[in-house]
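Residue numbers (UniProt numbering): 1 to 559. Report on one structure; see the data block that follows.
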């Protein structure tokens, strides 16, 4: 959780109370979800998303960086609006083009490229993700089981007060995957799968690699199981499979054609596909598996969701084992959910870099598998309505309790808090302009480009100046990898071609990630040092960060 001032602490406590009241009223009302178009169902949904916005409002209104990835993503969107060819002029490293292009959308409505606009977009996409997730569960399970499976997700996103409330670069791929799961759930219910839906599922699945490659294994499993359903049920197997796979190939072939047409194919292939396949901490897969428990323990409130789903799955499996109905319950959907958990777990740990937001790939698979086993367990146990009602209430309390206890622990000072404090006075304020950015703005004009040697993309947002090289940060250039020389070569080509007005060497003892100037400053690369020395002049050092200005600009300013 983040650190709030007194007003916001009271605000969030009130929000927690509203969530509890909402959950109680919902449980007491027991709406009949068998009739999806009944007005009361939409009212409950609107109330849920209104409550979600209420809980997210402090993060949306706080127009400051909470995670450095946020700045990096927004800069990519801002730069793409000017240099629209992805991979050639803007490269999001592990993030695909769709996630970056999406960040242009707020600017169409007159909103600036800042944290508030980006988090507002993130909220809208999260809302669609949650809506399609619930509809998926509703299509696959009975109304009661769908609700049981969705409760941990609802409380997780309503009550998260930390890194899962910021803008993370999985937000768009998670939406696409949720859409794929929803389309699969519709097809799963059909005796004769609809040809148009199959094409649409294939099309959306084909978009996933271009949001984030990390989501490809999940999309692939959805397509494979859809193919199995077609082979089992369809009377037009060839036509149905052709529609599914034609949809899957449509978007990738479109992107392939565009990359060739606009000279970005080499970077798409070498940097995005090959480079990301090689993106790894270097440990074996078994070492990464062994490190996962430690990673999970430091994953904030995701740990609560993980524990809740684990408890539900174990509880349901024990009932099935005791009733000797486990083997009878292993239908297609059982294996669909179980394999998805395994493949999502692989996607989370594959790189070896354990970022908490990676674990969101596990959420829908956990929900589906827990729903499958819980629905079978409820049938096997043959509980009466009163017992089911009490168990549902107990389940809701189990899911919400860790979040409430954690919140109370932070408020009373019994849990550690990070250094960042969000204050009400900071709401609605313009972007903070740092001393470095103020110096940059003395020498630049609107429409100029700048280049940072290091990792502080917020300077682009503060100055409203786009990136002059494909990489907004120089992480790949400074990190050993099979493609390191290729990354450096493109960086040098980009900077020579664009001749940015400003070059900033960020290397200092306080730098993010790379804080050894002797090892990481730009002078250690002879070709870069020579280019900077010939074309730029150092004008000032601010907070140990060196600002260089293009000599042509200095001459123009002096005249």
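A virtual CB, placed ideally from N, CA and C, is assigned to each residue, including glycine.
Helix, strand or coil at residue i [DSSP, three-state]
i           : result
residue 279 : coil
residue 212 : strand
residue 33  : Because the pLDDT of residue 33 is 46, which lies under 50, any placement of that residue in the model is unreliable, and the number read from its coordinates should be weighed accordingly. Correct three-state label for residue 33: coil.
residue 494 : helix
residue 69  : helix
residue 499 : coil
residue 359 : helix
residue 506 : coil
residue 451 : strand
residue 569 : For the chain, the structure presents residues 1 to 559; residue 569 sits outside this window and is missing.
residue 348 : helix
residue 479 : coil
residue 4   : strand
residue 518 : helix
residue 131 : helix
residue 467 : strand
residue 295 : helix
residue 236 : coil
residue 421 : strand
residue 86  : strand
residue 432 : coil
residue 54  : helix
Inter-residue CB distance, residue i and residue j (contact presumed, cutoff 8 Å)
i           : j           : result
residue 98  : residue 121 : Contact doesn't hold; Cβ gap of about 13 Å is too wide.
residue 50  : residue 164 : Residue 50 to residue 164, Cβ: 19 Å. No contact.
residue 370 : residue 307 : About 12 Å; that fails the 8 Å criterion.
residue 55  : residue 158 : 5 Å
residue 448 : residue 465 : 5 Å
residue 60  : residue 119 : 5 Å
Residue closest to residue i, alpha-carbon to alpha-carbon, out of the options
i           : options            : result
residue 134 : 506, 521, 367, 535 : 367
residue 484 : 279, 523, 466      : 279
residue 106 : 94, 91, 96, 125    : 125
residue 474 : 188, 463, 454      : 454
residue 372 : 441, 349, 335      : 335
residue 492 : 481, 516, 522, 508 : 522
residue 6   : 534, 512, 421, 490 : 421
residue 282 : 231, 328, 319, 350 : 350
residue 393 : 23, 503, 11        : 23
residue 176 : 236, 204, 325, 303 : 204
residue 502 : 517, 139, 535, 480 : 535
residue 507 : 543, 445, 538, 237 : 543
residue 489 : 548, 208, 469, 381 : 469
Test item: CB-CB of residue i and residue j under 8 Å
i           : j           : result
residue 244 : residue 227 : yes
residue 197 : residue 186 : yes
residue 476 : residue 93  : yes
residue 26  : residue 42  : no
residue 427 : residue 62  : yes
residue 132 : residue 182 : yes
residue 481 : residue 270 : no
Residue i: first and last residue of the uninterrupted beta strand (DSSP E) it sits in
i           : result
residue 537 : 536-542
residue 405 : Looking at the DSSP string, residue 405 is not in any beta strand (DSSP E); the run it does join, the alpha helix (DSSP H), is 385-411.
residue 168 : Here residue 168 belongs to no beta strand (DSSP E), and DSSP marks it neither H nor E.
residue 545 : 545-550
N-terminal and C-terminal residue of the alpha helix (DSSP H) that residue i is part of
i           : result
residue 318 : 302-322
residue 93  : Residue 93 -> no alpha helix (DSSP H), and no H or E assigned at all.
residue 439 : 435-443
residue 151 : 143-159
residue 328 : No alpha helix (DSSP H) holds residue 328; DSSP gives it neither H nor E.
residue 200 : 195-207
residue 105 : 105-108
Beta carbon proximity, residue i to chain C, threshold 8 Å
i           : result
residue 153 : The chain inventory of the structure shown lacks chain C, comprising one protein chain alone.
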